[in-house]
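Residue numbers (full-length UniProt numbering), protein chains in the order written: chain A, 1 to 194; chain B, 1 to 194; chain C, 1 to 122; chain D, 1 to 122.
In what follows, a single structure is set out as structure tokens and then discussed.
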Amino acid sequence: MELTGDKAKAWLLNFEAKIQEHKAYLSDLDQAIGDGDHGSNMARGTEAVKVNLEKIAEPETAEVLKQAAMALISKVGGASGPLYGSAFMQMAKTAKETTDIHELIEAGLEGIKHRGKADVGDKTMVDTWAPVVEALAKDALTNEAITQAVDATKPLKAKKGRASYVGERSIGALDPGAVSSGYLFTALVEEVLQ
Amino acid sequence: MELTGDKAKAWLLNFEAKIQEHKAYLSDLDQAIGDGDHGSNMARGTEAVKVNLEKIAEPETAEVLKQAAMALISKVGGASGPLYGSAFMQMAKTAKETTDIHELIEAGLEGIKHRGKADVGDKTMVDTWAPVVEALAKDALTNEAITQAVDATKPLKAKKGRASYVGERSIGALDPGAVSSGYLFTALVEEVLQ
Amino acid sequence: MTMGVVIASHVDKIAEGVYQLIKESAPDVSITYAGGTDDGDVGSSYELIEAAINNNEADELYCFYDLGSAKMTLDMVSDMSDKPITIFDAAFIEGAYTASVLIQGGYKKEEIDAQLAPLKIK
Amino acid sequence: MTMGVVIASHVDKIAEGVYQLIKESAPDVSITYAGGTDDGDVGSSYELIEAAINNNEADELYCFYDLGSAKMTLDMVSDMSDKPITIFDAAFIEGAYTASVLIQGGYKKEEIDAQLAPLKIK
Ligand SMILES: Nc1ncnc2c1ncn2[C@@H]1O[C@H](COP(=O)(O)OP(=O)(O)O)[C@@H](O)[C@H]1O
Ligand SMILES: Nc1ncnc2c1ncn2[C@@H]1O[C@H](COP(=O)(O)OP(=O)(O)O)[C@@H](O)[C@H]1O
Ligand SMILES: [Mg+2]
Ligand SMILES: [Mg+2]
Ligand SMILES: [Mg+2]
Ligand SMILES: [Mg+2]
Numbered sequence: 001m002e003l004t005g006d007k008a009k010a011w012l013l014n015f016e017a018k019i020q021e022h023k024a025y026l027s028d029l030d031q032a033i034g035d036g037d038h039g040s041n042m043a044r045g046t047e048a049v050k051v052n053l054e055k056i057a058e059p060e061t062a063e064v065l066k067q068a069a070m071a072l073i074s075k076v077g078g079a080s081g082p083l084y085g086s087a088f089m090q091m092a093k094t095a096k097e098t099t100d101i102h103e104l105i106e107a108g109l110e111g112i113k114h115r116g117k118a119d120v121g122d123k124t125m126v127d128t129w130a131p132v133v134e135a136l137a138k139d140a141l142t143n144e145a146i147t148q149a150v151d152a153t154k155p156l157k158a159k160k161g162r163a164s165y166v167g168e169r170s171i172g173a174l175d176p177g178a179v180s181s182g183y184l185f186t187a188l189v190e191e192v193l194q
Numbered sequence: 001m002e003l004t005g006d007k008a009k010a011w012l013l014n015f016e017a018k019i020q021e022h023k024a025y026l027s028d029l030d031q032a033i034g035d036g037d038h039g040s041n042m043a044r045g046t047e048a049v050k051v052n053l054e055k056i057a058e059p060e061t062a063e064v065l066k067q068a069a070m071a072l073i074s075k076v077g078g079a080s081g082p083l084y085g086s087a088f089m090q091m092a093k094t095a096k097e098t099t100d101i102h103e104l105i106e107a108g109l110e111g112i113k114h115r116g117k118a119d120v121g122d123k124t125m126v127d128t129w130a131p132v133v134e135a136l137a138k139d140a141l142t143n144e145a146i147t148q149a150v151d152a153t154k155p156l157k158a159k160k161g162r163a164s165y166v167g168e169r170s171i172g173a174l175d176p177g178a179v180s181s182g183y184l185f186t187a188l189v190e191e192v193l194q
Numbered sequence: 001m002t003m004g005v006v007i008a009s010h011v012d013k014i015a016e017g018v019y020q021l022i023k024e025s026a027p028d029v030s031i032t033y034a035g036g037t038d039d040g041d042v043g044s045s046y047e048l049i050e051a052a053i054n055n056n057e058a059d060e061l062y063c064f065y066d067l068g069s070a071k072m073t074l075d076m077v078s079d080m081s082d083k084p085i086t087i088f089d090a091a092f093i094e095g096a097y098t099a100s101v102l103i104q105g106g107y108k109k110e111e112i113d114a115q116l117a118p119l120k121i122k
Numbered sequence: 001m002t003m004g005v006v007i008a009s010h011v012d013k014i015a016e017g018v019y020q021l022i023k024e025s026a027p028d029v030s031i032t033y034a035g036g037t038d039d040g041d042v043g044s045s046y047e048l049i050e051a052a053i054n055n056n057e058a059d060e061l062y063c064f065y066d067l068g069s070a071k072m073t074l075d076m077v078s079d080m081s082d083k084p085i086t087i088f089d090a091a092f093i094e095g096a097y098t099a100s101v102l103i104q105g106g107y108k109k110e111e112i113d114a115q116l117a118p119l120k121i122k
């Protein structure tokens with residue numbers, strides 16, 4: 001499946017809407033095991049993405065992804081800023097070679113891993129991205145698969161980011177970045193894959 | 001030799017005058033191996049000592065020493081505050097038992113060591129106080145002995161306080177706290193021992 | 001026994017800022033702070049540190065400091081105080097953050113001490 | 001090759017305060033800082049950290065950060081910058097103070113790195 005410029009833009013605007021809708025929930029999740037700002041961070045960041053994208057009249061995939069990266073890098077303010085920012089920056093670079101969705105999201109995952117040094121099982125957004133990449137490889141990304149990946153962060157003990165400070169006490173809580181990544185991929189299913 | 005209340009007061013007022021006179025020099029010494037505030041710290045502290053002592057009409061040794069301690073503890077603002085403060089507090093306590101100068105200064109040295117955990121040779125004020133205590137034990141405290149102790153801090157490498165950060169580079173410099181302690185004991189010679 | 005955190009810095013802005021940083025992740029922990037001299041200069045103040053210790057609502061206090069002379073002042077205040085006070089020679093901000101978050105998480109003293117041990121650098 | 005220090009904190013007051021603390025003992029070292037988000041909230045800002053790196057007059061930079069997300073932002077800026085930049089996983093204030101004082105003292109890179117090694121806690 002190809003990610004055209006128009007679809008990329010629709011995807012990210014849908015993501016923005018979902019983040020705004022669940023802003024308080026994301027911050028509540030972050031309050032439990034972090035500092036309680038993931039919702040407002042992502043709301044600020046995706047709002048800036050929206051502003052950047054609305055300026056683009058004829059969207060081109062790499063440019064859309066790059067504008068999203070720049071907005072997230074400069075406006076999020078938390079760890080999720082450089083992480084999502086690196087993901088979209090890698091996707092933008094890759095989009096110059098291919099617009100295949102699986103390859104793009106895989107590049108995004110590499111960007112996150114490069115920046116945050118987290119692995120699968122560390123209870124971070126990587127735990128959403130990695131199974132999504134696998135599902136996309138088999139052309140089998142569904143909302144159920146996404147929910148399953150997100151929920152699977154619950155029993156994990158956080159090993160990266162602020163949640164790692166609470167150690168054992170992070171067990172049983174959803175990872176906020178995994179949840180916001182879930183919205184990103186639900187938006188992808190809605191705007192691009194369906 | 002006994003430290004009467006009047007002599008104690010005269011001693012500390014003389015010390016204050018010496019500190020004010022050499023304020024800039026003490027700060028310069030501290031700029032070389034520390035943060036450049038020892039002169040202003042001690043000036044502020046001894047100024048407060050003076051204010052406290054001037055309120056005492058009939059000086060009593062323990063009370064004079066205690067007032068000095070309180071002023072130094074609350075007004076110096078640098079490491080020398082708790083150090084000189086602990087010295088005078090120990091002296092004030094000891095003065096309830098004896099006003100023998102050797103025993104008082106020895107108690108002061110113990111106060112400094114308890115607070116700062118420094119030993120002889122660490123390039124601190126202890127390197128002035130320790131030889132002074134020895135000289136007092138032999139009733140042989142002179143200005144020469146004081147100068148010799150102070151100067152002997154030059155070749156040492158700082159192991160405590162801010163100067164310890166510059167390590168090797170502290171070698172060759174006088175320790176500011178050793179120098180200010182030198183003034184304290186020169187004032188003692190002038191007002192009490194002579 | 002509730003546990004609280006005391007922050008002692010040489011600079012008023014650092015103390016306030018560390019408080020701000022930590023409160024976000026430990027909103028229910030009693031955290032008090034003292035920074036700089038009475039006049040707002042760089043240094044430490046017996047009165048301000050004493051007030052931070054007295055005003056802390058917890059039964060038992062974990063204290064963190066930036067440089068050695070704030071430790072000596074903490075020591076003096078601690079000698080005069082009845083509260084159980086532990087002064088940690090840990091990385092200042094990282095130690096205070098770790099302790100606060102763990103107290104917020106309801107961890108026991110032994111567990112907190114174990115987490116702080118690798119942060120000891122002074 | 002002159003060496004400079006960059007301070008990156010999650011809080012503007014902490015960054016300013018650390019600068020104030022360090023400048024007293026390292027008046028001749030180029031020290032720049034960035035704290036908080038663009039809006040002055042707790043967090044980190046790419047623009048502010050980039051500016052702190054660009055505005056530092058030294059040829060080679062030693063960077064210190066308080067919590068991990070400031071490190072990631074430093075990392076990103078460093079990827080984009082031509083200056084030689086080392087990000088130290090050292091105790092934040094203690095590491096920045098040590099490095100600055102040693103640079104002020106004219107120590108060489110190897111000696112400074114050796115002094116910073118025991119402060120590594122992240
Ligand atoms: N090193 C890391 N690698 C991958 N993801 C991380 C890492 N650190 C944090 N995260 C993600 O970032 C989320 C928190 O983001 P946010 O609250 O915006 O930042 P902050 O923790 O700086 O306040 C976490 O829930 C986690 O998913
Ligand atoms: N641990 C210590 N034990 C004894 N003396 C010390 C110690 N630390 C510092 N000093 C003394 O304090 C002096 C510095 O005092 P000052 O400049 O007023 O404080 P600060 O270093 O906090 O700025 C040093 O020159 C040294 O003599
Ligand atoms: Mg957060
Ligand atoms: Mg945050
Ligand atoms: Mg000083
Ligand atoms: Mg000082």
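We put the beta carbon where it would ideally sit given N, CA and C, even for glycine.
Query	Result
Where the alpha helix (DSSP H) through residue 95 of chain C begins and ends	92–104
Beta-carbon proximity of residue 116 of chain B to residue 124 of chain B, cut-off 8 Å	yes
Under the three-state DSSP convention, the category residue 107 of chain D falls into	coil
Check whether residue 6 of chain D and residue 56 of chain D have beta carbons under 8 Å apart	yes
Enclosing alpha helix (DSSP H) for residue 54 of chain A [first to last residue]	38–54
Ligand 2 heavy atom lying under 7 Å from the CB of residue 38 of chain B	yes
Check: residue 76 of chain C C-beta below 7 Å from any heavy atom of ligand 8	The model on display carries ligand 1, ligand 2, ligand 3, ligand 4, ligand 5 and ligand 6 but not ligand 8.
Residue-level contact to chain A via CB, residue 45 of chain D, 8 Å cutoff	yes
Through-space distance from residue 34 of chain A to residue 80 of chain C, alpha-carbon basis	36 Å
Neighbour list for residue 25 of chain D in chain B, Cβ cutoff strictly below 7 Å	34, 35, 162
beta-carbon residue 111 of chain B near ligand 6 non-hydrogen atom, thresh 7 Å	no
CA-to-CA distance, residue 32 of chain A to residue 25 of chain A, given in whole angstroms	11 Å
Check: residue 24 of chain A C-beta below 7 Å from any heavy atom of ligand 1	no
Rounded C-alpha distance that separates residue 189 of chain B from residue 10 of chain D	54 Å
For residue 161 of chain A, the three-state DSSP class (helix, strand or coil)	coil
Chain D contacts from the segment 143–167 of chain B (Cβ-Cβ distance under 9 Å)	162, 165, 166, 167
Spatially closest choice to residue 36 of chain A from A:45, A:23, A:71, by CA coordinates	A:23
C-beta contact flag for residue 161 of chain A and residue 38 of chain A at 8 Å	no
Contact belief for residue 59 of chain B with residue 5 of chain B at Cβ below 8 Å, rounded distance in angstroms	3 Å
Extent of the continuous beta strand (DSSP E) run through residue 3 of chain C	3–9
Residue 96 of chain A to residue 142 of chain A span [Cα, whole Å]	27 Å
Cross-strand partners of residue 2 of chain B (DSSP beta bridge)	B:100
Buried/exposed call for residue 16 of chain D, threshold 16 Cβ in 10 Å	buried
Interface partners of residue 119 of chain D on chain C, CB under 7 Å	121
Chain B contacts made by the segment 44–78 of chain C, where a contact means CB separation under 8 Å	44, 45, 46, 47, 67, 68, 69, 72, 73, 75, 76
Any C-beta of chain B under 8 Å from that of residue 41 of chain C	yes
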